[in-house]
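Single-structure report; data block below.
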Amino acid sequence: MNFEFNEEQQLVRDQARGFLNTNCQTSVVRRVLEGNELYAQDLWKQIAELGWTATTIPEEYGGIGLSYFELALIAEELGRACAPLPFASSVYLATEAILSVGSEAQKLEWLPKLAAGEVIGTLAYSEGPGEARPEKINTTVSNGSLSGVKRAVPGGDIASVICVLGQSLQGNGTSMYLVSTESDRVTTNTIKTIDPSLNYADISFENAHCELLGEDGNGWEILQQVLDRAAVLYAWEQLGGAESSLEMARNYSLERYAFGRPIGSFQAIKHKLAEMFVKNTLARSNAYYGAWALSTNAKELPLAAATARIGSSQAYYYASKENIQTHGGMGYTWEFDCQFFYRRSKALAIAVGSERSWQDKLINASDIAAA
Amino acid sequence: MNFEFNEEQQLVRDQARGFLNTNCQTSVVRRVLEGNELYAQDLWKQIAELGWTATTIPEEYGGIGLSYFELALIAEELGRACAPLPFASSVYLATEAILSVGSEAQKLEWLPKLAAGEVIGTLAYSEGPGEARPEKINTTVSNGSLSGVKRAVPGGDIASVICVLGQSLQGNGTSMYLVSTESDRVTTNTIKTIDPSLNYADISFENAHCELLGEDGNGWEILQQVLDRAAVLYAWEQLGGAESSLEMARNYSLERYAFGRPIGSFQAIKHKLAEMFVKNTLARSNAYYGAWALSTNAKELPLAAATARIGSSQAYYYASKENIQTHGGMGYTWEFDCQFFYRRSKALAIAVGSERSWQDKLINASDIAAA
Amino acid sequence: MDFEDSKEEAAFRAEARDWLISNNPTEEELAGLDEFQRGMFWQKKKADAGWACIRWPKVYGGRDATEMQHVIFQQEEAKLDTPNAHQYLHIGQGMAGPTLMTWANDADKERFLPDLASGAKIWCQLFSEPAGGSDLAALRTKAEPDGDDWIVNGQKIWTSGAHYSDWGILVLRTDPTVAKHKGLTYFYVDMKSAGIEIKPIKQISGTSEFNEVYFTNVRIPDSQRLGEVGQGWQVSLTTLMNERANIGSGNSAVNFDSLKALAQRVTINGKPAIEDSAVRAKLASWYVEEAGLKFTAQRSLSALSKGDLPGPENSIGKLVGARKTQDMAAFAIDLLEQQGVEWDEAKDEFVSQLFQQTYMGIPGLRIAGGTDEIMANIIAERVLQLPQEPRMDKGMAFSDVPTGA
Amino acid sequence: MDFEDSKEEAAFRAEARDWLISNNPTEEELAGLDEFQRGMFWQKKKADAGWACIRWPKVYGGRDATEMQHVIFQQEEAKLDTPNAHQYLHIGQGMAGPTLMTWANDADKERFLPDLASGAKIWCQLFSEPAGGSDLAALRTKAEPDGDDWIVNGQKIWTSGAHYSDWGILVLRTDPTVAKHKGLTYFYVDMKSAGIEIKPIKQISGTSEFNEVYFTNVRIPDSQRLGEVGQGWQVSLTTLMNERANIGSGNSAVNFDSLKALAQRVTINGKPAIEDSAVRAKLASWYVEEAGLKFTAQRSLSALSKGDLPGPENSIGKLVGARKTQDMAAFAIDLLEQQGVEWDEAKDEFVSQLFQQTYMGIPGLRIAGGTDEIMANIIAERVLQLPQEPRMDKGMAFSDVPTGA
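Protein chains in written order, with UniProt numbering: chain A, 1 to 371; chain B, 1 to 371; chain C, 1 to 405; chain D, 1 to 405.
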């Protein structure tokens with residue numbers, strides 16, 4: 001029985017935390033949130049140099065071939081720092097999609113660049129408000145050219161390679177395609193969002209050159225696989241944010257006095273923070289399970305992913321909103337940092353499907369896991 | 001604007017409360033819970049003499065022809081006292097069904113006896129675990145004789161007249177029937193339940209004489225109408241129980257000391273009781289709405305009934321379980337009275353459909369109310 | 001029990017409605033005025049005709065109307081699209097006015113109240129301080145006597161409308177050597193006084209509805225004191241009771257109807273989300289809370305109608321309303337899935353504005369005017385009469401109370 | 001990260017399993033024994049072979065095993081259908097044993113511990129009192145010195161197994177004139193002593209798992225004191241820390257699997273309830289909590305495996321588990337609709353037993369071994385290191401502490 005990260009993995013986490021403590025203080029989040037940068041480019045270069053973008057990419061494709069345990073721990077630290085980077089969209093989504101179903105040529109073309117952080121990727125499937133449905137995808141392909149509009153794509157104005165869900169070439173359901181944004185047939189428009197520390201864009205494709213990614217007609221299945229895998233990593237990033245929120249709330253409750261004593265001595269606050277701790281602890285344990293399933297490609301992965309994802313989404317929402325509440329009026333000001341986590345908690349909660357959608361998936365997956 | 005009971009109605013409530021304070025202390029509940037009585041017969045006689053069973057029955061049928069406001073207030077007081085009586089099944093269900101759809105002859109036959117409390121009625125529709133569905137009703141009728149088995153009928157071993165949902169005479173869906181239990185073709189078996197202070201029985205009908213109640217083929221619609229009306233009255237009874245639970249918890253929190261001060265001075269307890277108060281207050285306001293809709297036969301009745309019912313079910317569950325919790329270990333003993341309300345809260349919550357089923361109905365009703 | 005007016009109420013409602021319909025300003029009258037000026041134009045018109053602050057005595061610019069008539073007038077006005085001065089005037093009329101009414105001398109009442117009613121003068125409220133928060137009486141801004149004046153130094157916070165206000169009501173610490181509640185004195189101050197500096201506070205929603213107000217050697221004449229020296233807490237309770245009555249439940253645009261409309265627009269598993277029973281169950285529970293608040297308000301109105309005053313049970317409106325609205329907004333964003341992240345006031349209101357705006361604004365409502373936790377305390381202590389927490393600062397000189405600093 | 005044993009753990013597991021399989025009593029061996037006797041037969045057999053209380057030193061009847069080996073042995077035993085003595089012995093072995101180990105003299109350890117391990121003697125614990133509850137140290141049962149003995153008068157409560165126990169551990173007030181925690185002394189007592197009267201407490205579930213124990217001039221020799229006079233609180237902390245480690249999350253028969261099975265059996269709108277998305281959403285959220293607890297336990301085991309001791313974070317198991325189970329049982333009864341009211345152990349387990357039994361039993365679990373509220377305090381104070389509530393009784397003589405009486 002060793003349901004714990006090993007020492008090397010913990011070292012990766014400690015180094016990531018140390019690095020981000022120095023190089024991604026909340027002033028960096030604020031800079032992107034308030035400014036015109038799409039993301040913290042300086043920080044991106046540094047983490048790419050540290051190899052974070054290359055974590056699970058095999059060495060033959062220019063990566064460093066570590067396990068998903070290491071990537072999960074890096075995700076947690078990025079979440080803890082609320083890092084203003086397109087890491088999730090590039091690493092959990094695009095890199096994973098190419099790693100999973102890309103041809104050898106595609107892997108050789110893109111993975112080394114993604115590993116080096118020279119190229120940033122993303123995955124685009126949503127075309128409007130509400131759930132995406134395979135039969136409703138209006139992105140079409142003819143003669144190797146893809147046309148359509150994708151909405152609210154994470155990192156959409158940063159990515160130079162995009163995995164795009166479109167209709168199959170042969171009327172065979174949906175397929176996944178790879179599109180480079182260097183063409184002028186791809187137009188990106190950064191949109192205004194509740195979390196300006198991350199970039200989101202609408203993307204229009206007008207006869208943009210595309211390549212099939214994975215088998216034709218398999219687009220929806222590929223998307224589900226990628227989302228299952230990404231959900232675990234998102235869960236770790238969300239957990240990190242939930243932990244930061246709890247830590248902020250705890251520290252403030254010790255510093256802030258009311259009625260002659262620290263507010264952390266009132267049961268209303270104590271029990272609120274205890275509840276955060278409970279939710280975070282359960283979420284962490286479920287995230288462990290997710291990381292284990294992801295790294296071993298266990299048949300339980302869909303169940304573990306749903307479990308981890310739901311736990312972290314609930315924990316982060318609760319911790320980030322009650323962190324503001326614990327801070328009182330000051331927590332609601334622009335000047336304080338509570339807002340970063342409140343914004344991010346919601347952005348991440350809908351990034352690869354809402355809690356509601358994962359609840360449905362969990363029950364489906366529980367049938368399979370039991371079978 | 002007068003969204004309040006008038007003085008005469010409040011007088012009815014005050015008298016009911018005073019009477020029950022004297023004549024239905026919790027020792028009476030305990031007597032029925034622990035003993036072999038099916039219900040508190042002495043108390044039943046007294047309340048019948050007071051005319052409670054006759055409240056909304058028109059004078060021409062031996063009733064006193066008051067409004068549903070008075071009946072709602074009596075229901076609240078019976079709930080507050082956790083009265084061990086078949087009042088709900090006889091008055092909210094059987095009397096209401098006969099009043100609503102009975103023929104003149106049926107009304108003349110049964111209502112005077114129901115009004116006088118000489119006859120106790122009930123309504124039987126459930127035939128097994130889970131929801132009842134019209135197409136699954138296995139109770140059949142031929143040649144004026146009804147056969148089938150009904151499960152967990154409230155007051156089933158007390159009632160001498162039963163409204164029974166069965167298949168239509170003419171294969172026309174379901175119909176409602178009236179059956180007297182005086183025949184030896186009706187066998188009742190009291191069952192063991194979580195609330196032995198109320199009677200529940202399985203009832204077997206073997207070619208029991210029956211009369212159609214309301215139109216043939218209309219059984220399901222009649223049932224829904226009766227349930228909507230009864231739901232409002234149940235909501236009032238549930239509210240009374242929730243209020244008792246809060247009152248008990250409050251009193252105990254003032255008497256019981258820990259760490260040198262009353263436990264009611266700890267925020268964990270204060271906020272728990274505040275939450276009870278909030279739930280009870282909202283439930284009360286919704287119960288007002290229900291009473292208004294019931295007494296005016298407003299088109300909003302289905303919506304108002306669902307709203308009142310859900311609010312009271314939630315409030316009573318919360319208040320009764322947290323009342324035990326507030327009492328700590330003593331609250332969990334047989335000797336204390338907390339148990340009566342915890343048992344009753346669940347019994348009433350499933351009496352005319354669970355919270356879950358009313359949530360579904362509420363959304364349907366909201367379409368109609370908006371139309 | 002009914003939702004109908006009594007005969008007297010119906011007559012008053014008709015009178016009010018008639019006047020409102022006849023006098024609702026035309027676009028011609030309002031031409032060239034900005035939002036603020038439109039509001040003030042309308043307020044002046046109401047005041048001239050005796051329809052401003054109608055609960056107030058006629059002699060102070062009111063109409064000697066009952067609480068219920070006040071509610072009826074508000075209901076009728078809300079039915080029309082009148083210019084809105086409420087956001088500028090509610091603090092002055094809702095809090096400063098009643099406080100002056102109770103504590104000012106007759107000359108001051110005559111001087112200030114009619115101008116408050118007509119909108120000629122705008123008032124703000126300066127109670128909260130950075131070190132105060134839920135512990136309102138822990139305020140530190142000090143007033144030191146200097147001849148017939150007081151010299152004020154310190155900082156107030158969460159003052160809405162400070163920059164456009166003429167006058168402010170404020171509580172100051174005049175004696176730090178006595179217990180917290182004992183060393184306070186209540187004043188009003190000319191907001192244009194030398195030494196007052198106003199800085200807007202940006203909120204996480206991006207807007208700035210509140211200000212910090214810095215006092216540096218600001219001189220306030222002793223004649224602007226309300227109540228005795230050391231009686232400030234008692235005076236401020238008058239203000240605060242009226243604040244609570246004003247805040248109310250706050251109808252949110254994120255409610256059952258808007259969430260249901262969204263659920264009719266997006267799909268789940270290919271069918272309208274409103275057909276999904278998980279969505280239905282949540283919506284139903286929220287409807288029950290919303291209806292409960294609505295009918296609780298109706299019950300309060302009925303009490304008003306009989307001349308009773310609403311009690312502290314009104315605290316539940318904000319408590320239940322704010323946390324419910326937060327969860328509803330969060331859930332609506334979930335229903336929008338990936339596109340729910342978009343917040344752009346130039347785009348589709350239902351997709352990119354309503355729910356996101358509320359999600360970002362609602363944390364403030366859970367805090368302003370008393371946090372959820374304070375509201376629960378109020379219910380526990382004032383309604384259920386449970387004992388207070390042990391007070392660490394009881395009987396202690398204010399300057400000795402631990403502050404963590 | 002894996003769920004596999006280390007090499008050493010695997011070897012130990014194989015050894016334990018082999019012994020268990022070979023020695024699990026046959027029906028022949030158990031013939032004619034009642035449940036209690038069967039449990040004791042098995043315990044004796046384990047003890048004789050060195051498989052009882054294996055964490056304990058060999059010299060006291062144990063095996064000098066590690067915490068992890070203890071867990072592995074428990075896991076392997078749980079896989080077999082062995083007689084169950086746990087319910088009779090867990091208090092003695094889990095609480096009295098560790099306390100004696102720490103505080104008793106060598107002679108007493110040799111006298112009592114092997115008998116505890118083998119089940120030859122059964123111990124109970126007498127801490128709680130009617131006036132105590134969450135404020136455990138507020139106990140009042142008094143011990144007054146009389147020569148070499150103490151004379152005990154008062155009442156204990158919530159003592160499980162009092163009627164079949166040989167010995168009891170107890171804390172008594174030996175000095176009411178000093179502060180609450182200072183005036184306590186810890187003893188063990190022969191449960192057959194003159195003056196002890198035991199009355200079962202009936203719970204709302206109808207069963208009687210606990211007792212009241214009355215002491216009337218019960219004589220306890222001073223030689224049965226553990227720790228110094230006045231040191232009782234410190235000694236009792238040894239007991240309580242072990243109680244907490246023992247209570248754990250408690251696997252309930254009302255869980256995701258049983259609720260899902262029910263949802264496959266009943267219908268909603270004519271389709272299996274498991275297809276209803278409101279049911280799915282609730283089930284999914286409960287699954288997430290259940291899995292979270294399961295994997296939290298795995299993480300604790302991993303810590304044990306490395307030799308670390310589990311911390312106060314284990315309080316979450318009971319806190320989360322009990323309230324979740326209560327809501328699940330209540331919801332299951334809702335799914336059963338009208339027939340959910342039936343509770344009859346002679347009928348269909350899924351319809352008339354499991355969920356009703358749990359609904360009636362679970363309120364006790366939210367209280368026993370520390371209420372939800374105390375658990376939240378423990379998390380806040382011991383894990384998050386938040387300050388304690390102000391203590392009204394601090395430094396006050398126990399006899400002066402307000403009791404409301």
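We put the beta carbon where it would ideally sit given N, CA and C, even for glycine.
Since the model is a prediction, treat every value here as computed from it, not as a measurement.
Asked, Found
"Other residues of its chain near Glu96 (chain A): CB distance less than 7 angstroms, five sequence neighbours each side excluded", "Val226, Arg229, Ala230"
"Interface partners of Ala330 (chain D) on chain C, CB under 7 angstroms", "By Cβ distance, chain C contributes nothing, its closest Cβ being about 15 angstroms from Ala330 (chain D), past 7 angstroms."
"Closest Cα partner of Gly311 (chain A) within the set A:Val153, A:Gln238, A:Gly214, A:Cys338", "A:Gln238"
"Contacting residues, own chain, Cβ-Cβ under 6 angstroms from Gln326 (chain C) (five flanking each side not counted)", "Ile362"
"C-beta atoms of Leu165 (chain B) and Ala208 (chain B) nearer than 8 angstroms", "no"
"DSSP-derived helix/strand/coil call for Phe12 (chain C)", "helix"
"Cross-chain neighbours of Ala268 (chain A) in chain B, by beta carbon under 9 angstroms", "Gln267, Ala268, Lys270, His271"
"Near-chain A residues of the stretch 264 to 283 of chain D - C-beta to any C-beta below 8 angstroms", "Ile274, Ser277, Arg280, Ala281, Leu283"
"Partners in chain A for Thr296 (chain D), counting only beta-carbon separations shorter than 7 angstroms", "Thr281, Leu282, Ser285"
"Buried versus exposed, by CB contacts within 10 Å (16 or more), Ile21 (chain C)", "exposed"
"Identity of the residues DSSP links to Pro145 (chain C) by a beta bridge", "C:Trp150"
"Cutoff 8 angstroms; reference Lys45 (chain D); Cβ partners in own chain excluding five residues on either side", "Asn23, Pro25"
"contact_flag[the stretch 265 to 274 of chain C, the stretch 332 to 350 of chain A] where n(CB pairs < 8 angstroms) is 3 or more", "no"
"Any chain B beta carbon closer than 8 angstroms to Ile247 (chain C)", "Model confidence at Ile247 (chain C) stands at a pLDDT of 44, short of 50, so the residue's coordinates are unreliable; what they give is reported in the following sentence. False, the Cβ-Cβ gap to chain B never drops below 8 angstroms."
"Within-8 angstroms CB hit, Pro86 (chain A) to chain C", "no"
"Given Met176 (chain A) as reference, the closest of A:Glu255, A:Gln314, A:Ile137 once Cα atoms are compared", "A:Ile137"
"Alpha-carbon to alpha-carbon, Phe87 (chain B) and Val401 (chain C)", "59 angstroms"
"Close-in-space but distant-in-sequence residues of the same chain around Gln224 (chain C) (CB under 6 angstroms, 5 per side omitted)", "Phe187, Tyr188"
"Under 9 angstroms by beta carbon: chain D residues contacting Thr56 (chain B)", "Those within 9 angstroms of Thr56 (chain B) in chain D number zero; the least Cβ separation is about 24 angstroms."
"Opening and closing residue of the beta strand (DSSP E) in which Glu197 (chain C) lies", "196 to 201"
"For Lys318 (chain C) and Gly369 (chain C), believed in contact at Cβ under 8 angstroms, the rounded distance", "7 angstroms"
"Proximity test, Cβ basis, 8 angstroms: Pro402 (chain C) and chain D", "no"
"Distance between Glu67 (chain D) and Ile374 (chain C) (C-alpha atoms, nearest Å)", "46 angstroms"
"Nearest neighbour of Glu29 (chain C), chosen from C:Thr82, C:Leu259, C:Phe210 [CA to CA]", "C:Thr82"
"Uninterrupted alpha helix (DSSP H) stretches inside the stretch 92 to 127 of chain D (no shorter than 4 residues)", "97 to 103, 106 to 118"
"For Gly241 (chain A) and Ala83 (chain A), the rounded distance between their alpha carbons", "10 angstroms"
"Bounding residues of the alpha helix (DSSP H) (the contiguous stretch that carries Leu262 (chain C))", "256 to 265"
"At least 3 beta-carbon pairs within less than 8 angstroms: the stretch 311 to 330 of chain A vs the stretch 338 to 355 of chain C", "no"
"Asn189 (chain A) versus Ser126 (chain A): straight-line alpha-carbon distance, rounded", "15 angstroms"
"Where the beta strand (DSSP E) containing Met176 (chain A) begins and where it ends", "174 to 180"
"Exposure of Ser249 (chain D), with buried meaning 16 or more beta-carbon neighbours within 10 Å", "Because Ser249 (chain D) sits at a pLDDT of 46, beneath the cut-off of 50, its placement in the model cannot be relied upon, and the point is left open."
"Pairwise C-alpha distance: Thr307 (chain A) and Gly292 (chain D)", "8 angstroms"
"Contacts that Asp360 (chain B) makes with chain C (C-beta to C-beta distance below 7 angstroms)", "Ser277, Arg280"
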